[in-house]
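What follows is a set of notes on a single structure, which appears directly below.
There are 2 protein chains.
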Amino acid sequence: MQFKGRTVLAFVLLGMLASSIITVVLMSPGNPALSSALASILGTSNKQADMNSTSGANAAAAKISDKDMSKIATTYQLISQSYLNKVENDTIINGAINGMLAALDDPFTSYMDQKEAKEFDESISSSFQGIGAEVTMENGKVKVVSPIKGSPAEKAGIHSEDIIISVNGEKLDGLTLNQAVMKIRGAKGTQAKLEIIRAGVGDPIQLTIVRADIDVETVHATMLDGNIGKIEITQFSTNTGDHFIKELTDLESKGLKGLIIDVRNDPGGLLNVVVEICSQFVSKGKPIVLVEDRNGKQEPTVSKGSSKDYPVVVLTNKGSASASEILAGALQESVGSKVIGETTYGKGTVQVTFAKELGDGSNIKMTVFKWLTPKGNWIHKKGITPDITVEQPDFFKVTPLTKKADLKINTSSDDVSSAQMMLNATGYRTDRSDGYYSEQTEAAVKKFQQAVQLPVTGIIDSATADKLEQAVIKEIKDPSNDLQLKAAIEELNKQIVR
Amino acid sequence: MQFKGRTVLAFVLLGMLASSIITVVLMSPGNPALSSALASILGTSNKQADMNSTSGANAAAAKISDKDMSKIATTYQLISQSYLNKVENDTIINGAINGMLAALDDPFTSYMDQKEAKEFDESISSSFQGIGAEVTMENGKVKVVSPIKGSPAEKAGIHSEDIIISVNGEKLDGLTLNQAVMKIRGAKGTQAKLEIIRAGVGDPIQLTIVRADIDVETVHATMLDGNIGKIEITQFSTNTGDHFIKELTDLESKGLKGLIIDVRNDPGGLLNVVVEICSQFVSKGKPIVLVEDRNGKQEPTVSKGSSKDYPVVVLTNKGSASASEILAGALQESVGSKVIGETTYGKGTVQVTFAKELGDGSNIKMTVFKWLTPKGNWIHKKGITPDITVEQPDFFKVTPLTKKADLKINTSSDDVSSAQMMLNATGYRTDRSDGYYSEQTEAAVKKFQQAVQLPVTGIIDSATADKLEQAVIKEIKDPSNDLQLKAAIEELNKQIVR
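Here's what the structure looks like:
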């Protein structure tokens, strides 16, 4: 987890906002019939009148008083008339709105200005406007991990490992990964002229790419040995339900005998989408999730689908939040599926977005409901406890090196300890891992440097540190090191009737 | 400095808000003639019309638009109608005001609710309602440092070193110093029944004290050897000017030959007060400070006093902020006084308070002007550079021990390094100070424990840590360790014509 934020791969845009999306009921219900919108999403429209009457009762108290309005107007006036620096109107107004929402002390409630609202919409729909290349930062260079299938980047002939050095004449040197990504992205229909360095090609390559809407795939399916299927969901976005069903049908047509649903590091998404996916596994009429409003009134959402005749398990970790937890809870309690991995994040609230109410392209995402598991458990700040707890190897959590100074023999620091963990994870054994740079540590560093064709100094300089981190990331991505996946396969093999 | 915040003495109330007071022009000018108020404080009322016309020009742009007002009202309504938890009206409104001010990104601009506004007023006037005892926390007990002269605490017979164990029947055990202080304080006229333990007296003593308005002395004068006077100013509060002049006159009547004005760790205060004090030393008509408004218009404040025939120096450190810097700048540039010590904090803005405008007991403190030194230097984020730079001994900056674990031989940590600095400062020499707990470090700890009558274990447990910290605080308060003061005396002795 710690690794991820700082060094690992970043989709062009996606991921920037992903951690802020968590079980959002995506819509702007017409004010004031808020609850009806939930009701319609949950398919319980017969309750609409009932929930409306509750809103009605609060309506009188909800209006801001003239006295309060005047206090806010006075503050506005003092700032615009007297503050030392002249301030944009929007800065003050957005400040007021941010301040009101911040006073709720709820990390999941926030205001988004026009630009943020647009990014949020892109993020929640897992689409954005750009060229469609997954990029990463390596040794200060922007490197293509892979072009997205069917994207303008792929069609234009961008390859994995290409280094992007400039966009429309602007050099990317010295930018952070996010800054570079912002230069590459742009509105649909506009051009990105890229200058690219490709291994084996002498001169830089010039490519002109017309940006388009890019869909980021949120569902990844594989058939493993023994007809065990694995479907990874990275986010519950607009099209995730359709894609999931397509992939599931495909696996079933190939003789699926057991299914692993992998929601590790999935931050959540849309409530209706997770409900749709759960409906593939929960018997008709059984609850998937209960939604509770501010007055404590509970509303169950029941499955309209049917159960499967093959076993299903769910893979979770600390990064499985919100919609992922709804899925884990529903399958655990209403299907009897085993949840395998780590205790989940623990987010038991539902947010609603209010774009229409603001009417100017900005948006408010606000916590409006709690959700409970089918048996009525509120897992907020607790998470879903796995039936089978499995931690990944320690090196999955290693801290990136600070690269503030070279590391060398006879010194002692947290960085040395992290480096020792990386050396051991990549097969270069050291005698200690306590952060003391021993002779054997130096010997291991030399062997590593020889293997990756760096000068054999025994000192961890920033080039060695980069290579070490890349080697560890490779190990982390190697399925044979994925102890949680192994446990899931083992459990399914027990359950499958051969 | 680091020591101060966490462990050292705290006046009852004062100090809690002191760091937020910085050159405040204390008043609520009638809206919209803001600038006239500054003009009147600076004695330049002939400029009033001129500056008003500027405000007038902005007035049209300053009013909040209906569209913005409606957006704020909508947000208010969404929160009070739909947010998962019910929220107090004031929470939302104060949130809006805090948010507008926070958007300015100015640490010196803030909203104060009724309670905070009252505390601020007390703080800026260096007065509060309570019993009038300076207390500290020692080994978890609230200990009286000294009763304030003329206070109810002194009249009731409270002594230095008394331990206060309960207030009106409520035990103070387990409270922080601030929590205990809040119990001891209270409105004028109310009773505080204290239970006190006094060394040498068997049973606890019961004292009933009627709380009153307490003035905290912000001016401390002493005559040193050679008729060198020292006046320390701890804050520029309402009465500070009068008290300063009284103490100065008193020193002069005793044959003052040179003066040290000590504004170290003085966070500032009222602009008119520092101007009054500077007027004692700056020749009539010479500038003390220039004030610049948002349109870049500068207004000098000139002295109405006269210069002195004895030399004056100013002692500063990193904690000398705002009004203290106005004083240092004025004396340095308009009198030619030497500034001695460390570069000052660097705050070059003036705040105005707007209580009348809000009209409900709350208050907004907002940055409205810049101030510049007589020669037109804006020292914001730079500070005043001393003519003679003198740092205090290293142990003045030692970090308090974390007391998370006992410290013992053959371990290594930042805590051990701090402890070694404390041992050396108090005369228990160690061979190293790099944080490695050597044999000699253990020997020094044993000697220290013997001297302060603790069990001689050679291990720094929390009792030993407390005693070590107290010993260092004693050294810090010892004038013979005050290298900056020594340099000031030396400089004055050079300048004084004997």
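Chains as they are written, first to last, in our numbering: chain A, 1 to 498; chain B, 499 to 996. C-beta atoms are modelled at their ideal positions from N, C-alpha and C, and glycine is treated no differently. Source: prediction; values computed, not measured.
| Asked | Found |
| --- | --- |
| Short CB-CB distance (under 8 Å) between A:Gln77 and chain B | yes |
| C-beta neighbour in chain B for A:Glu116, strict 8 Å | no |
| Closer than 8 Å to chain B by CB, A:Phe369 | yes |
| Min CB distance A:Leu84 to chain B below 8 Å | yes |
| DSSP-derived helix/strand/coil call for B:Gln733 | coil |
| At least 3 beta-carbon pairs within less than 8 Å: the region 855-865 of chain B vs the region 598-618 of chain B | yes |
| Residue burial classification, A:Pro479 (beta-carbon count within 10 angstroms, cutoff 16) | exposed |
| Span separating the alpha-carbon of B:Thr955 from that of B:Asp711 | 48 Å |
| Reference A:Gly174; option with closest CA among A:Gly140, A:Ile148, A:Ala444 | A:Gly140 |
| Same chain, Cβ closer than 6 Å to A:Ile261, five either side skipped, listed in chain order | Ile231, Val314 |
| Expected contact under 8 Å - CB spacing of B:Gly803 and B:Val833 to nearest Å | The Cβ separation is near 11 Å, so there is no contact. |
| Buried versus exposed call for B:Ser563 [16 or more other C-beta atoms within 10 Å across all chains shown] | exposed |
| Rounded C-alpha distance that separates A:Asn58 from A:Gly296 | Note that A:Asn58 has pLDDT 44, beneath the 50 cutoff, so the model's placement of it is unreliable and no number is given. |
| Alpha carbon of A:Asp215 to alpha carbon of A:Ile158, nearest angstrom | 17 Å |
| 8 Å Cβ cutoff met for A:Ile228 and A:Val263 | no |
| Interface partners of A:Thr349 on chain B, CB under 8 Å | Leu582 |
| Beta-bridge partners of B:Tyr843, as assigned by DSSP | Bridge partners of B:Tyr843: none, in fact. |
| Straight-line Cα distance separating A:Gly268 from B:Gly767 | 51 Å |
| Whole-angstrom distance between A:Asp121 and A:Ala463, CA atom to CA atom | 39 Å |
| Chain-ordered residues of the region 354-368 of chain A with a beta carbon less than 9 Å from chain B | Phe354, Glu357, Leu358, Gly359, Asp360, Ser362, Ile364, Met366, Thr367, Val368 |
| A:Tyr345 versus A:Ile326 - alpha carbon distance | 11 Å |
| Stretch-stretch touch, CB-based, cutoff 8 Å, three pairs: the region 316-324 of chain A with the region 74-84 of chain A | no |
| DSSP bridge partner residues for B:Tyr934 (one or two, in chain order) | B:Ser910 |
| Counted within 10 angstroms of its Cβ, other Cβ atoms place B:Gly698 as buried (16 or more) or exposed | exposed |
| Outcome for A:Asn410 when other beta-carbon atoms lying within 10 angstroms are tallied against a minimum of 16 | exposed |
| Buried or exposed by the 16-neighbour rule on C-beta atoms within 10 Å, applied to B:Ser801 | buried |
| B:Ser915: CB within 7 Å of a non-hydrogen atom of the ligand FMN | Here there are no bound small molecules, and the ligand FMN is not part of this structure. |
| B:Glu693, DSSP secondary structure in three states | strand |
| B:Asp713 in three-state terms, based on DSSP | strand |
| Proximity test, Cβ basis, 8 Å: A:Ile93 and chain B | yes |
| Buried or exposed (CB count within 10 angstroms, at least 16 for buried), B:Lys965 | buried |
| DSSP three-state assignment for B:Thr688, whether helix, strand or coil | coil |
| DSSP-derived helix/strand/coil call for B:Lys681 | helix |
| Sequence-distant residues of the same chain with beta carbon closer than 7 Å to A:Pro300, five excluded per side | Pro287, Leu290 |
| Inter-residue spacing [alpha-carbon to alpha-carbon] between B:Thr792 and A:Ile79 | According to the sequence displayed, residue 792 of chain B carries Arg and not Thr. B:Arg792 and A:Ile79: Cα-Cα distance of roughly 12 Å. |
| For B:Ser623 and B:Thr716, believed in contact at Cβ under 8 Å, the rounded distance | Actually they are not in contact, since the Cβ atoms of B:Thr716 and B:Ser623 sit about 10 Å apart, beyond 8 Å. |
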